[in-house]
Amino acid sequence: MYIHLGNNYIISTQNIIAIINLNPPLNEDIKDIMEIARSERKLVNISEKGKNKALILCDDRVYLSPISSNTLYKRASHFAEEDSND
Numbered sequence: 001m002y003i004h005l006g007n008n009y010i011i012s013t014q015n016i017i018a019i020i021n022l023n024p025p026l027n028e029d030i031k032d033i034m035e036i037a038r039s040e041r042k043l044v045n046i047s048e049k050g051k052n053k054a055l056i057l058c059d060d061r062v063y064l065s066p067i068s069s070n071t072l073y074k075r076a077s078h079f080a081e082e083d084s085n086d
């Protein structure tokens, strides 16, 4: 299934490795992930400046989303349940 990350970005739920909340102060590991993705041109910021709420770590990209990690997790979980019922 697919999940909407905000600002017309949709990705496959199968590509998602982790959904990380960006509201608390970022720890060094998250900063490192973002810096590596940025240097490899794999960081996709789909938020307005200063509006990042979640980091979505995928197989081939890292996305910064304006949608909260809780909302994204619920969407992904909902689709996972639908897939298991089919």
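Numbering (our numbering), first residue to last: 1 to 86. The beta-carbon is built from N, C-alpha and C at its ideal position, and this holds for glycine as well. Everything numeric in this text was worked out from a predicted model, so none of it was measured.
{"query": "Check whether Ile36 and Leu5 have beta carbons under 8 Å apart", "result": "no"}
{"query": "Own chain, CB closer than 6 Å to Ile20, minus 5 neighbours either side, in chain order", "result": "Leu55"}
{"query": "For Ser65, the first and last residue of its enclosing beta strand (DSSP E)", "result": "Val62 to Ser65"}
{"query": "Identity of the residues DSSP links to Ile19 by a beta bridge", "result": "Ile56"}
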